[in-house]
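Shown next, in structure tokens, is the structure this report addresses.
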Amino acid sequence: MDALEAIMTRRSIRSYQDRPVSEEDLEKLLRAAMAAPSARNEQPWHFVVARDPAVKDRVPDYHPYASCVRQAPLAVLVCADLEEESHRDYWEQNCAAAVENLLVAARSLGLGTVWLGVSPAGGKGGRHARALLPA
Ligand SMILES: Cc1cc2nc3c(=O)[nH]c(=O)nc-3n(C[C@H](O)[C@H](O)[C@H](O)COP(=O)(O)O)c2cc1C
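Note that the sequence shown covers residues 0 to 134 in numbering that gives the first Met the number 0.
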């Protein structure tokens, strides 16, 4: 599948088959995410791969629209590292570019994904996520 087809046929998938994502595919997904452009090429991101139900299944506890995570074989939590950004100005755009790359790559590998957004600026997801942060 070429890039244009993957982009045009990607859809949010919230129900998953009961089969694991291979290590090979996972590495491709993470490499695709890390190939995204970033401001000043600072790449201020970390990717936390959650397969362990003890970690993965807690996401809906703080994200009200993420119940599908419990059924998914894995979740990738995309985290901005503000220490890696010299001006702390583009981390949301940088991480968004990485997420979209990952989603399109997953589509090209025949894997279903959905973007579950958490906004520090507001919205229910943001409020719940902020509750996890240290005061
Ligand atoms: C920033 C962002 C946040 C999103 N958050 C959620 C979410 O919390 N839960 C969810 O089920 N879908 C979420 N989505 C997926 C959108 O609902 C979905 O992309 C949109 O309805 C268009 O459908 P499509 O992805 O199939 O084209 C989010 C998408 C984006 C870009």
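Backbone N, C-alpha and C define an ideal beta-carbon position, used for all residues, glycine too.
This structure is a prediction, so every number in the text was calculated from the model and none was measured.
Asked: Proximal residues to PRO72 (C-beta, below 6 Å), its chain only, five neighbours per side dropped; Found: PRO19 and VAL20
Asked: Test: GLU99 CB closer than 8 Å to a CB of chain C; Found: In the structure shown, chain C does not exist; there is a single protein chain.
Asked: TRP114 in three-state terms, based on DSSP; Found: coil
Asked: Pair within 8 Å by beta-carbon distance, ARG69 and ASP56; Found: yes
Asked: Other residues of its chain near ALA31: CB distance less than 7 Å, five sequence neighbours each side excluded; Found: ASN100, LEU101 and ALA104
Asked: Under 8 Å between C-beta atoms of CYS94 and VAL113; Found: no
Asked: Start and end residues, beta strand (DSSP E) containing ALA74; Found: 74 to 79
Asked: Proximity test, ASP65 beta-carbon vs ligand 1 heavy atom, cut-off 7 Å; Found: First, the amino acid is wrong: residue 65 is Ala here, not Asp. Yes, the beta carbon of ALA65 sits closer than 7 Å to at least one heavy atom of ligand 1.
Asked: Integer-rounded CB distance, given that GLU91 should sit under 8 Å from PRO43; Found: The Cβ separation is near 10 Å, so there is no contact.
Asked: Completely contained alpha helix (DSSP H) runs for the region 41 to 105, where each covers 4 or more residues; Found: 52 to 55 and 58 to 61
Asked: Proximity test, SER107 beta-carbon vs ligand 1 heavy atom, cut-off 7 Å; Found: no
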